[in-house]
Amino acid sequence: MAAWPSTSILTDTQPGWKTWAVPANRPAHLVGWSDGGIVALLVALRQPELVRKLVVIGTNYHYNGTVPFDLDPQSPIAQELGKAYIERSPDGPEHLDVVFSKSVAMFTTEPTLTTTDIAQINQPVLVIVGDDDVVTLPHTLSLYEALPEGQLAVVPGASHGLPLEQPETVAGLISNFLAAAEPPRTFMPIRRARQTDS
156 MAAWPSTSIL TDTQPGWKTW AVPANRPAHL VGWSDGGIVA LLVALRQPEL
206 VRKLVVIGTN YHYNGTVPFD LDPQSPIAQE LGKAYIERSP DGPEHLDVVF
256 SKSVAMFTTE PTLTTTDIAQ INQPVLVIVG DDDVVTLPHT LSLYEALPEG
306 QLAVVPGASH GLPLEQPETV AGLISNFLAA AEPPRTFMPI RRARQTDS
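Numbering-wise (the working numbering), the sequence shown opens with residue 156 and increments by one.
Structure representation (structure tokens):
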């Protein structure tokens, strides 16, 4: 895996995940949506001993895995996200333009993982995506297929805002996955039968 830039998703979020990881002193479940899912994948690759299971929602492992979309700061979704940021950020509303500019730059250059990188994640991973997500279904499928212990849920009638659109569906998928003590046993395994034989 290539060296990660000093101004990257992982380094920018490192203080946060190190805060919970070090005191816990045991593996934790990581659940990440969008960029949070990217962080979860990166933590699993960089410090696998900290991770028990992963759930990634609407997550791409490479920046080319998304549909081109308009990031106009005047668009309704940008306005809504901006309002939420201003309500919660200690940096104040004047910092919003900086965050927006950095986000646009990040979306077009990060992450840069490969399926070879993803194949190194040995923990169980649940990949969840809406059927109309900005992360393309072929990219999501390649993420799932690269994971040795992957599971996949494509939720109908959902976009990149899946956790907001269908919170009960998402919560149920996550709860069932995290509660399972062992890999799924299915009536007619195909992919998992090959994993068992190898």
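Cβ coordinates follow ideal geometry from the N, Cα and C atoms, glycine included.
Compare the beta carbon distance of residue i and residue j with 8 angstroms and say whether it is the shorter of the two.
i    : j    : result
I220 : V290 : This sequence places Gly at residue 220; Ile is not what is there. Yes, the Cβ-Cβ distance between G220 and V290 is below 8 angstroms.
S314 : E323 : no
I212 : G237 : no
T214 : S189 : yes
I276 : L196 : yes
F255 : P228 : yes
Q306 : F332 : yes
Ordered along the chain, which non-local residues of its own chain (more than five positions away) have a Cβ less than 8 angstroms from that of residue i?
i    : result
H217 : P266, T267, L268, T269, H294
L292 : V284, D286, V309
Our contact map puts residue i next to residue j with C-beta atoms below 8 angstroms; I'd like the distance itself, whole angstroms only.
i    : j    : result
I273 : L302 : 6 angstroms
V309 : D287 : Wrong, their Cβ atoms sit about 10 angstroms apart, outside the cutoff.
Can you name, in chain order, every residue of its own chain whose Cβ lies under 6 angstroms from the Cβ of residue i, other than the five neighbours on each side?
i    : result
E304 : P279
When burial is assigned at 16 or more other CB atoms within 10 Å of the CB, is residue i buried or exposed?
i    : result
A326 : exposed
G247 : exposed
G312 : exposed
F224 : exposed
A348 : exposed
V198 : buried
T253 : Sequence inspection shows Val at residue 253; the Thr mentioned does not correspond to that position. The residue is exposed, with fewer than 16 neighbouring Cβ atoms inside 10 Å.
V210 : buried
V222 : exposed
A334 : exposed
Spell out the partners DSSP gives residue i in its beta bridges.
i    : result
L307 : V282
T267 : H217
I212 : W188, I283
A183 : V206
V259 : Beta-bridge pairing links V259 to no other residue.
V290 : T221
Excluding sequence positions up to five away, which residues of its chain have a Cβ less than 7 angstroms from the Cβ of residue i?
i    : result
T264 : Y218
P318 : W188, I212, V325
S297 : T270
L251 : G237, Y240, I241
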